[in-house]
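In my numbering, the protein residues as written are 90 to 301.
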């Protein structure tokens, strides 16, 4: 860590997400360092428009919006699935492919629909199409005074069909990480935390922020 790198102190940290799955994972990863994680959803913070064209841009947009609104440090995660045979799509549009639906007046996403969309596009290319894919994760920390740091992580694997497992979220039921025979949604959460794209990014964050 350089002398001018902004650094977190133990205490409250806003997690700039309304996704319960992400909040649970991030809270577990930061718990050993004395961070009290508060979600943007629980604080009633609005979701900013993710107008960036890269994971870094979108993560910074969310982190700065939360830090400014809550007047405390905020951490944002922007992550997604990139499929080789689809020229890296869905990429930054990973969540958008889930297509917002409305249930009882509330916005949501249909992840099974999203997984089916990816599978359908692969099927159109024939049975020999490459199923190689990777998850990317960018973690951005922003402070109310405008300071910021960014960490990037990645995990490679391949897609499977049909979906398997109920432990994950998003595209986890169709992603098999390299070296495993199970999807992210079948792997025990503790084991997933050790190998995931988010874990890779967090390892870099914790090494610089906490010396871990």
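The beta carbon of each residue, even a glycine, is placed where N, CA and C say it ideally should be.
> What residue does the beta strand (DSSP E) around residue 161 start on, and which one ends it?
Replying inline: Position 72 of the chain shown, counting from 1, holds the residue named residue 161. First-last for residue 161: undefined, no H or E at that position.
>> Run through the DSSP bridge pairs and tell me what residue 96 is partnered with.
In response: Mapped onto the chain shown, residue 96 falls at position 7. Residue 96 is not bridged to any residue.
>> Please classify residue 101 as buried or exposed, where buried requires at least 16 other C-beta atoms within 10 Å of its C-beta.
In response: The count along the chain shown starts at 1 and reaches residue 101 at position 12. Label assigned to residue 101: exposed.
>> Need the endpoints of the alpha helix (DSSP H) that residue 290 sits in, please.
In response: For this step, residue 290 is matched to residue 201 along the chain shown. Taken as a continuous stretch (DSSP letters only), the alpha helix (DSSP H) holding residue 290 covers 286-298.
> Given a threshold of 16 other Cβ atoms within 10 Å of its Cβ, counted over all protein chains shown, does residue 242 qualify as buried or as exposed?
Replying inline: Along the chain shown, one-based indexing puts residue 242 at 153. Looking at its Cβ environment, which holds 16 or more other Cβ atoms inside 10 Å, residue 242 is buried.
> What are the boundary residues of the beta strand (DSSP E) that residue 205 is part of?
Replying inline: Counting from one through the chain shown, the residue named residue 205 turns up at place 116. Unbroken run through residue 205 is the alpha helix (DSSP H), 200-212; no beta strand (DSSP E).
> Which runs of the beta strand (DSSP E) fall wholly inside the region 214-265 and span at least 3 residues, in chain order?
Replying inline: 221-231, 237-248
> Relative to the alpha-carbon of residue 160, which residue among 173, 235, 113 has its alpha-carbon at the smallest distance?
Replying inline: For the purposes of this step, residue 160 is identified with residue 71 of the chain shown, where counting begins at 1. Taking only the C-alpha atoms, the option nearest residue 160 is 235.
>> Among 97, 275, 179, 228, whose alpha-carbon lies nearest the alpha-carbon of residue 123?
In response: Taking the chain shown and counting its residues from 1, the one referred to as residue 123 is at position 34. Of the candidates 97, 275, 179, 228, the one whose C-alpha sits nearest the C-alpha of residue 123 is 97.
>> Using a 10 Å radius around the Cβ and a threshold of 16 neighbouring Cβ atoms, would you call residue 182 buried or exposed?
In response: Translated into the one-based positions of the chain shown, residue 182 becomes position 93. Under this definition residue 182 is an exposed residue.
> What is the DSSP secondary structure of residue 121, counted as helix, strand or coil?
Replying inline: As a working mapping, residue 121 is identified with position 32 in the chain shown. In the structure shown, residue 121 sits in a helix (DSSP, three-state: H, G or I).
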